[in-house]
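Just so you know, we're using the numbering used here here: the sequence shown kicks off at 286 and counts up by one.
Cβ coordinates follow ideal geometry from the N, Cα and C atoms, glycine included.
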Amino acid sequence: MGLISANVLIGLVCAVVVYYAFSKRSRSAFPLPPGPRRLPIVGNWQDTHKLTEPIYLVYTKWAKEFGDLVYLEMPFGESTIVVNSAKAVDELFEKRSANYSDRPKMYMANELMKWAWNLAHMRYSDRWRLHRKTFHQYFQQRQIPEFYPIQRESATLFLNKLIEDPEEFHDHVRHHAGYAILKAVYGHKMARKNDYYVHLADLAVRSVAEALDGSFLVDYVPMLAYIPSWFPGASFKRKAKLWGQHSLEAKDGPWVDLKRNYENGTGVPCFAIDSLEKFKDSKEMEEVIKNCAGIAFVAGADTTVSLILSAILALLVYPDVQAKVQAEIDAVVGNSRLPDFEDREKLPYLEAVLTETLRWIPVLPLSLPHRVVKDDIYEGHFIPGGSIIIGNTWNILRDPEMYPDPDSFKPERFLQQPGKKLPLHPAQFAFGFGRRVCPGRYFGLSSAWIAIASLVATCNINKAVDSNGKVIEPVVDIVGEVVCHPAPFKCSFVPRSPEALKLMKAGYENST
286 MGLISANVLI GLVCAVVVYY AFSKRSRSAF PLPPGPRRLP IVGNWQDTHK LTEPIYLVYT
346 KWAKEFGDLV YLEMPFGEST IVVNSAKAVD ELFEKRSANY SDRPKMYMAN ELMKWAWNLA
406 HMRYSDRWRL HRKTFHQYFQ QRQIPEFYPI QRESATLFLN KLIEDPEEFH DHVRHHAGYA
466 ILKAVYGHKM ARKNDYYVHL ADLAVRSVAE ALDGSFLVDY VPMLAYIPSW FPGASFKRKA
526 KLWGQHSLEA KDGPWVDLKR NYENGTGVPC FAIDSLEKFK DSKEMEEVIK NCAGIAFVAG
586 ADTTVSLILS AILALLVYPD VQAKVQAEID AVVGNSRLPD FEDREKLPYL EAVLTETLRW
646 IPVLPLSLPH RVVKDDIYEG HFIPGGSIII GNTWNILRDP EMYPDPDSFK PERFLQQPGK
706 KLPLHPAQFA FGFGRRVCPG RYFGLSSAWI AIASLVATCN INKAVDSNGK VIEPVVDIVG
766 EVVCHPAPFK CSFVPRSPEA LKLMKAGYEN ST
């Protein structure tokens, strides 16, 4: 491309940016929501990129300054509104869900990286409804007991791997989450170490998380998608090509093996096999099933890992909580067997620990972006149609009026007591909002519960000691902005008794 052509292209981009910036001005007598000062053309780009702290913390600071709704403007005149309170979330995402259930186009992720197959990214359409219905039929709450045998087996493998190599517990948690979802979705029995499918999913999740952080200008100036990859400043095109391979490999890799087993008659009952049998004469439904299986696997494992690791960190940092959970399990279950799903209703403190974990380190600190279909008014503020709207889950679950002393881990806040009104359950916010709530949440919660229950019943989670015999004090630090995880931390797992050690070993032996 010559210098003149390049200048023409840049000029066209600038002209279109100016046009959209002016054409998207308020179309209502009502004012836009308050927000930080915007600059011409670039809007609030400088306020939301190249930050020294996670964007959800920036949004939370603005929530304290500006209130329930914060208005931002990005290049290309893209309106973004951050929703910071439970009240506003309920009114907009729930009560007005028909107007707030669409997704933006997400050019980097969906167009350039080929993630448009992802149910969570799809526009609000008949295509989305078909995928959602197919997924929901298999993973709705009443179907989850069908997966209990798989999740029990996975939890006992988790305990056994802790005996083998306790220092690698982060990997063991990932193995537990991946094992359960892989077997449920594809009937695939995961390798004990270095499973190739899990490697593919990990690459895909990491790449799409980078693509969704809002840092790519192509999401605001879509015509940039058409510039050649060698053009100065087009490194995003080269990244998209590589990351797109991760997306397709994670979706297609397990499916190829699944289809081969299905056609050979060697497939085992699972979501994909059962669904193919149900719709064996429909090519359209085969593609839908393939997409649903892919996102269940890719997204399901990572969120479950986050929840389990956060619970382990909480029990490490708050040993009094750990002792209370163990006392409850001992009283209800005893020490001759592992906790089971039938015990769950009898273990309210353990349930409160899981609930508080969802609040303390929310898996998704911000909702995936929604798109407003048409102009709306909320409490005297104008919300332009076409705006991106984001739920600030972090701020909602740190609301001191609803959750006093929000930075502390206090399961007691979710225990029913006479005359006490319970706060809103974090699950109302932790998995997305309205019609776009995560349809796999019940499977993930069930898988996390059995792992945490089995671990606490058999092991003491203690502070680690370094090579000099010095205790390593745990630090609560969080990494990730799309999906949050505790930063890597060290601890030790000590079987609570000889009987507990036998249970850890016997559970594995009985599952193989």
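For the putative contact between lysine 828 and valine 617, defined by C-beta atoms under 8 Å, what is the C-beta separation to the nearest angstrom?
No answer is possible for residue 828: the residues shown for the chain start at 286 and end at 797.
So phenylalanine 582 and isoleucine 735 are in contact, right, with Cβ under 8 Å, and what is the actual spacing, rounded?
That pair is no contact at about 19 Å.
Quick check on the DSSP output: the alpha helix (DSSP H) that includes glycine 579 runs from which residue to which?
568-602
At the level of alpha carbons, what is the spacing between glycine 529 and aspartate 487?
13 Å
Could you spell out the range, first to last residue, of the alpha helix (DSSP H) harbouring aspartate 487?
481-496
Between which two residues does the beta strand (DSSP E) carrying serine 313 extend?
That residue, serine 313, is in no beta strand (DSSP E); it is neither H nor E in DSSP.
Given a cut-off of 8 Å, decide if tyrosine 482 and glycine 538 are closer than it, judged by their beta-carbon atoms.
yes
State buried or exposed for asparagine 369, treating a residue as buried only when at least 16 other CB atoms are found within 10 Å of its CB.
buried
With a threshold of 8 Å, are at least 3 pairs of Cβ atoms found where one atom belongs to the stretch 681-689 and the other to the stretch 325-340?
no
How far does the alpha helix (DSSP H) with glutamate 358 in it extend, from its first residue to its last?
Note, glutamate 358: premise wrong, no alpha helix (DSSP H); beta strand (DSSP E) at 354-359.
Using 8 Å as the threshold, is the C-beta distance between isoleucine 757 and alanine 749 below it?
yes
Could you check which residue in Ser777, Val490, Leu404 and Leu317 has the C-alpha nearest to that of asparagine 745?
Ser777
Given a cut-off of 8 Å, decide if methionine 789 and isoleucine 574 are closer than it, judged by their beta-carbon atoms.
no
Output needed for histidine 455: all residues of its chain with C-beta closer than 8 Å, excluding positions within five of it in sequence on either side, in chain order.
Leu594 and Pro773
Serine 308 to proline 316 span [Cα, whole Å]
At serine 308 the pLDDT is 49, less than 50, meaning the model places this residue with poor confidence and gives no usable figure here.
Locate the alpha helix (DSSP H) running through serine 520, then write down its first and last residues.
520-549
The stretch 654-670 touching the stretch 378-386, judged by at least three CB pairs closer than 8 Å
yes
Taking the CB atoms as reference points, tell me whether leucine 533 and lysine 706 lie closer together than 8 Å.
no
What is the residue span of the beta strand (DSSP E) that proline 780 lies within?
776-780
Can you check DSSP and say which residues form a bridge with lysine 748?
Cys776
Nonlocal neighbours in the same chain, by C-beta distance under 7 Å from asparagine 747, ignoring five residues either side:
Cys776, Ser777 and Val779
Run the CB neighbour count on histidine 710, radius 10 Å, all protein chains shown included, and call it buried at 16 or more, exposed below.
exposed
In three-state terms, what does DSSP make of leucine 653?
coil
Among all the DSSP beta bridges, which residues are the ones paired with phenylalanine 667?
Ile662
Where does the unbroken alpha helix (DSSP H) through glutamate 449 begin, and where does it stop?
433-449
Assuming valine 767 and aspartate 504 form a contact by the criterion Cβ under 8 Å, report the distance between their Cβ atoms to the nearest whole angstrom.
Contact flag wrong, Cβ pair sits at about 14 Å.
Are the CB atoms of serine 492 and histidine 460 nearer to each other than 8 Å?
no
Here's a check: name, in chain order, each residue in its chain whose Cβ is nearer than 8 Å to the Cβ of tryptophan 679, leaving out the five neighbours to either side.
Tyr341, Leu342, Tyr344, Thr345, Pro647, Pro650 and Leu651
Can you tell me whether glutamine 426 is buried or exposed? The criterion is at least 16 other CB atoms within 10 Å of its CB, across all chains shown.
exposed
Report the rounded CA-to-CA distance for glutamate 438 versus leucine 377, giving the unit in angstroms.
41 Å
Assess contact between the stretch 515-524 and the stretch 412-429, defined as three or more Cβ pairs (one per stretch) separated by less than 8 Å. Is contact present?
no
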